[in-house]
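Q: First the structure, then my questions, so here it is.
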Amino acid sequence: MGDTPPRSADAGTGASRVITDHARPAGASARPAEDVPTSRTPGGGALGGGGGLPRRRAFGAERAFRGLTLAAGTAVLVVIVAIAVFLVAKAVPALRANTVSFWTFEGWFPNDPEPRFGIGALAFGTVLSAVLALLVAVPVALGIALYLSHYAPRRLGNALGFLIDLLAAVPSVVFGLWGRDYFSGPVADLSAWLNRYFGWLPLFGGDGPYGASMLLGALVLAIMVLPIITSLSREVFRQTPTANEEAALALGATRWEMIRTAVLPYGRPGVIAAVMLGLGRALGETIALALTLGITFNISFNIIDNGGNTIAANIANAFGEANDTGRGALIASGLMLFAITLIVNITARAIIHRRREFTESAA
Amino acid sequence: MKLQRHGTLACLALTATLALSACGSDNNEPAGASASGPASAAANCATGTLNAQGSSAQKNAMAEWIKKYQQQCQGVTINYEPSGSGAGIQAFIAGTADFAGSDSALKDEEKPKADAKCVGGAAINLPMVIGPVAVAFNVNGVDNLQLKPATLAKIFAGKITKWDDAAIKADNPGAALPATAIQTVHRSDSSGTTDNFTDFLTKTSEADWTFGKAKEWKAPGGTGAKGSDGVASRVKGADGTIGYMEWSFAENSGLKIAKIGNGAGEFAELTAESAGKTIAGAEIVGQGDDLKMKIDYNTKEAGAYPIVLVTYEIVCSKGLAADKLPLVKGFLGYTASTEGQAALTELGYAPLPESVRAKVETAVKNIA
Chain A
1 MGDTPPRSAD AGTGASRVIT DHARPAGASA RPAEDVPTSR TPGGGALGGG GGLPRRRAFG
61 AERAFRGLTL AAGTAVLVVI VAIAVFLVAK AVPALRANTV SFWTFEGWFP NDPEPRFGIG
121 ALAFGTVLSA VLALLVAVPV ALGIALYLSH YAPRRLGNAL GFLIDLLAAV PSVVFGLWGR
181 DYFSGPVADL SAWLNRYFGW LPLFGGDGPY GASMLLGALV LAIMVLPIIT SLSREVFRQT
241 PTANEEAALA LGATRWEMIR TAVLPYGRPG VIAAVMLGLG RALGETIALA LTLGITFNIS
301 FNIIDNGGNT IAANIANAFG EANDTGRGAL IASGLMLFAI TLIVNITARA IIHRRREFTE
361 SAA
Chain B
1001 MKLQRHGTLA CLALTATLAL SACGSDNNEP AGASASGPAS AAANCATGTL NAQGSSAQKN
1061 AMAEWIKKYQ QQCQGVTINY EPSGSGAGIQ AFIAGTADFA GSDSALKDEE KPKADAKCVG
1121 GAAINLPMVI GPVAVAFNVN GVDNLQLKPA TLAKIFAGKI TKWDDAAIKA DNPGAALPAT
1181 AIQTVHRSDS SGTTDNFTDF LTKTSEADWT FGKAKEWKAP GGTGAKGSDG VASRVKGADG
1241 TIGYMEWSFA ENSGLKIAKI GNGAGEFAEL TAESAGKTIA GAEIVGQGDD LKMKIDYNTK
1301 EAGAYPIVLV TYEIVCSKGL AADKLPLVKG FLGYTASTEG QAALTELGYA PLPESVRAKV
1361 ETAVKNIA
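Protein chains in written order, with our numbering: chain A, 1 to 363; chain B, 1001 to 1368.
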């Protein structure tokens, strides 16, 4: 990659007679049949030798393609900036009209004559539900992935993998309705049990009613992110070099030890990327949470009492009947969700980066 | 975003499938209907396409009317998108909807903008669909429940927390009420149903309901559920629950519905007739063909069920595009006809009482 600029710079100075063959990457020479014979100039071989530059015409395509990619890259930036400007322009008037603190007020009434809305409880609920979902989903997903890649018979592994991928194709509204109509009963029973024996923990305190709680939302969410994390991790684990695995086994490692010493360290970056992707889905999930959560606006670590709310679920609930200020307020909350996702991702990447330095220096 | 789009797609697919299957089951019907001449002559047919949107409370009514009208008239396409009252009015003002469905009449600040779309006329509110709001409950061992508005307000405000509270016992003499905790269920999405229900509580029991009226639920406590189907599902799923919802959802879920105390001091059962009585007694506050209504929730009418929601069609009295005018008149004329209103009863709506219906029909005829 690094040598591209000097080459195109040479092209600009007008190196006109060069061999066309060199315009192609080395790998392409395996298909000489595509070359048009007349394009080879007789003297070309002598002039260019082995390291000659492509002809000017070829550089035309080179430059055009470069321009195209540049345009594509710029377009993305322009679109993103345009969206950001639009969102901020819509959000600012609503935030100005807000008569209470956007950060601390617990409630969402932007359509009132005196708009009052706050993001605190929503942001808290968003992060809490996503974290809970990952706490449940990641261990299970890694277990499934390892079983599929290293324990299951090949055929069974393929079939199960296919089923898991199928789970990813189920629309979130189906998960939401299932959670609301069928799963809330068992979760209510589980909540009552947790409350009875572990009620001294703030997480499981309170006195009901149970069912439409953060726990239900997080469990449904966990099922939804499961296939993403499983699929990606499985692919990563499968790519562990056989040499590493066999070396570990040859040194007398059991299968579990082999997985611990060869597969997991090799797959770590991929697994973390998979978890990040799952986290992205969990943070942004809308309809499943709008259907399952009990929708209250408060900051509480109690996960079994009816309640809980997230930014995305609130947008789904409030958008239909919102007026101008209401829409502006929802857009502002969307910007917050964007910021939260960004912060979480950056933090995660920073952690991975530090960890990688540790593991690399240790190795 | 992407996932949400998947959800939407799924919804669309689901709706499409349902719509298709709905058509499928009725396919034998139109042959019979068109064979009998008078039925098709009853509707004032025109051709073309209408785009309307707004209140989701009248979604089912609209779907039924559109189906029946299209069966009777060839070459008609009517689209109604249940995007919410606010969105419907926005679309009407923006000119993308030929008429809008709304849970509330045009507000003072919306009126001038809407009037501006109607050259030489004004935007008028036509009451078209009556949606009674049912208070459904699920309490083990209790089949009948009577609640005065004040008791209802105390329950939803969280002031009464047990089913065997003295206030509930006073409303239900002789009934065996368990000591179960009351679990109230309310709408988590902003909706006209909540707006009407809280309006009812505000007007009838000011002392016990201090949270005012709004499309969003403002009282603390309780459990939120998305949509009337969500509330119905939540009430059905747990013991000791009580919630308000559109009537059809309570009926379809087989929930028990409470009798509500009216201004005459009696407990009224929810029927199409008892809900119609409240509307018949309502005052029309609009000018001319604008039939904006003011419902008296304290109605003294004997046997009237007081919690009713009137949804309007908002349409231009003049200034409609020439190609749209006949179809708007034809379709709204059909919906305001006796036949059109009668089609609603099975869907959990109440038909307009004759006195109001006649006025709406005249107003539609006056559209030019």
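We treat Cβ as the ideally placed atom computed from N, Cα and C, and that holds for glycine.
With a cut-off of 8 Å, does the C-beta of Gln1183/B fall near any C-beta of chain A?
A: yes
Q: For Asp1199/B, which three-state DSSP category applies?
A: helix
Q: How many angstroms separate the CA atom of Val173/A from the CA atom of Ile229/A?
A: Straight through space, the alpha carbons of Ile229/A and Val173/A are spaced by roughly 20 Å.
Q: Please determine, among Ala1181/B, Ala1207/B, Gly1212/B, the residue with the shortest C-alpha to C-alpha distance to Thr1194/B.
A: Gly1212/B
Q: So if I threshold CB-CB distances at 7 Å, which residues from the segment 1076–1109 of chain B count as touching chain A?
A: Ser1083, Gly1084, Ser1085, Gly1086, Ala1087
Q: In three-state terms, what does DSSP make of Ile1130/B?
A: strand
Q: For Val100/A, which residues from the same chain have a beta carbon less than 7 Å from its beta carbon, with the 5 sequence-adjacent residues on both sides left out?
A: Arg116, Gly118
Q: Given a limit of 7 Å on CB to CB distance, which residues of the segment 1226–1246 of chain B reach chain A?
A: Lys1226, Gly1230, Ser1233, Arg1234, Gly1237, Ala1238
Q: What do you reckon, are the CB atoms on Asp1296/B and Gly1048/B nearer than 8 Å?
A: no
Q: Since Ala1363/B and Pro1351/B are thought to touch, with beta carbons under 8 Å apart, how far apart are those beta carbons, to the nearest angstrom?
A: Approximately 17 Å separates the beta-carbon atoms of Ala1363/B and Pro1351/B; this is outside 8 Å, ruling out the contact.
Q: To the nearest angstrom, report how far apart Lys1154/B and Asn1252/B are at their CA atoms.
A: 27 Å
Q: Drop a sphere of 10 angstroms on the beta-carbon of Asp207/A, count the other beta-carbons inside from all chains shown, and report buried for 16 or more, exposed for fewer.
A: exposed
Q: Give the DSSP-derived three-state secondary structure of Gln1058/B in the structure shown.
A: coil
Q: Name the DSSP bridge partner or partners of Gln1146/B?
A: Lys1259/B
Q: Taking only three categories from DSSP, how would you classify Glu1029/B?
A: Reliability of the predicted coordinates at Glu1029/B is poor, the pLDDT of 39 falling under 50, and no value is obtained from them.
Q: Should the segment 1076–1085 of chain B be called in touch with the segment 308–317 of chain A, which here means at least 3 C-beta pairs below 8 Å?
A: no
Q: Measure the C-alpha to C-alpha separation of Ala1176/B and Ala1170/B and round it to an integer number of angstroms.
A: 12 Å
Q: Quick check: is the beta carbon of Asp1189/B nearer than 8 Å to any beta carbon in chain A?
A: yes
Q: Restricting to Cα atoms, I'd like to know which of Val1356/B, Lys1359/B, Val1328/B is closest to Ala1097/B.
A: Val1328/B
Q: Going by the DSSP bridge assignment, what does Phe1099/B pair with across the sheet?
A: Answer by DSSP bridge pairing, in chain order: Ala1052/B.
Q: Using a Cβ-based criterion (distance less than 7 Å to any ligand heavy atom), does Ala318/A qualify as near the ligand FMN?
A: Among the ligands in the structure shown, none appear at all, so the ligand FMN cannot be discussed.
Q: Using only CA atoms, which one of Phe1137/B, Gly1237/B, Lys1359/B, Gly1088/B lies nearest to Asp1290/B?
A: Lys1359/B
Q: So which residues on chain B does Phe109/A lean against when the C-beta distance must stay under 8 Å?
A: Here the neighbours are Ala1214, Glu1216, Lys1218.
Q: Under 8 Å between the Cβ atoms of Glu106/A and Ala89/A?
A: no
Q: For a cutoff of 8 Å on Cβ pairs, would you count Gly1276/B as touching chain A?
A: no
Q: Judging by CA-CA distance, which residue of Asn1125/B, Thr1198/B, Gly1120/B, Gly1101/B is the nearest neighbour of Lys1111/B?
A: Asn1125/B
Q: Is Glu1301/B helix, strand or coil when you go by DSSP?
A: Note: Glu1301/B maps to coil in three-state DSSP.
Q: To the nearest angstrom, report how far apart Val85/A and Phe319/A are at their CA atoms.
A: 21 Å
Q: Under the assumption that Phe1137/B contacts Ile1242/B (Cβ atoms under 8 Å), give the Cβ distance between them as a whole number of angstroms.
A: 4 Å
Q: Report the three-state DSSP secondary structure of Ala1013/B (helix, strand or coil).
A: Only weak support is given to the placement of Ala1013/B: the predicted model assigns it a pLDDT of 49, under 50, and the question is left unresolved by the model.
Q: If the criterion is Cβ atoms closer than 8 Å, does the pair Ile1279/B and Val1310/B meet it?
A: yes
Q: Would you mind working out which of Gly326/A, Leu219/A, Leu337/A, Gly67/A sits nearest Ala133/A, comparing C-alpha positions?
A: Looking at the Cα atoms, Leu219/A is the closest of the given residues.
Q: Mind listing the chain B neighbours of Ser300/A? Cutoff is C-beta to C-beta under 9 Å, in chain order.
A: At a C-beta separation below 9 Å, Ser300/A has no neighbours in chain B, since its nearest C-beta there lies roughly 13 Å away.
Q: Along chain B, in chain order, which residues have C-beta atoms closer than 8 Å to that of Asn158/A?
A: By Cβ distance, chain B contributes nothing, its closest Cβ being about 25 Å from Asn158/A, past 8 Å.
Q: Along chain B, in chain order, which residues have C-beta atoms closer than 9 Å to that of Asn98/A?
A: By Cβ distance, chain B contributes nothing, its closest Cβ being about 15 Å from Asn98/A, past 9 Å.
Q: Exposed or buried, Asn1298/B, counting other C-beta atoms within 10 Å across all chains shown (16 or more means buried)?
A: exposed
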